[in-house]
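Numbering (UniProt numbering), first residue to last: 1 to 110. Even glycine gets a Cβ: it sits at the ideal position worked out from N, Cα and C. Here the structure is a predicted model, which is why all the values come from computation and not from measurement.
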């Protein structure tokens, strides 16, 4: 059963976009940002979603329960700029039906 979820993404210019993301395509949040072109090409997902750069760092604004942070994501965020308590790497957040209503803000480009 195909299910799309609604998420809000605030881009680096402070503009909030309400987007619809498919949960049946194994996409992650970084890929959603790219598909809607909410960040200039080459400024997000630079490492291809391997948690090896922090170009897709975002701040989680909603109380949405997210998957547990893995060691490589935690290690990457420990070295990244502009990190906050609610920072996550977009490439590590898979789009699932549970994320309905997720609200995130893209971290500044570092």
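Quiz prompt | residue 104 to residue 2 span [Cα, whole Å] | solution = 23 angstroms
Quiz item: When the Cα atoms are used, what is the spatial distance from residue 5 to residue 64?
Solution: 13 angstroms
Self-check item: Nonlocal neighbours in the same chain, by C-beta distance under 6 angstroms from residue 32, ignoring five residues either side
Solution: 21
Quiz item: Can residue 79 be considered in contact with the ligand ADP, in the sense that its beta carbon sits closer than 7 angstroms to one or more heavy atoms?
Solution: Among the components of this structure there are no ligands whatsoever, and the ligand ADP is therefore not found.
Practice problem: Kindly list the residues whose CB is nearer than 7 angstroms to the CB of residue 66, restricted to its own chain and excluding five residues on each side of it in sequence; keep chain order. | Solution: 60, 88 and 93
Self-check item: the stretch 37-45 touching the stretch 68-76, judged by at least three CB pairs closer than 8 angstroms
Solution: no
Exercise. Kindly list the residues whose CB is nearer than 6 angstroms to the CB of residue 56, restricted to its own chain and excluding five residues on each side of it in sequence; keep chain order.
Key: 30, 44, 45, 89, 90 and 91
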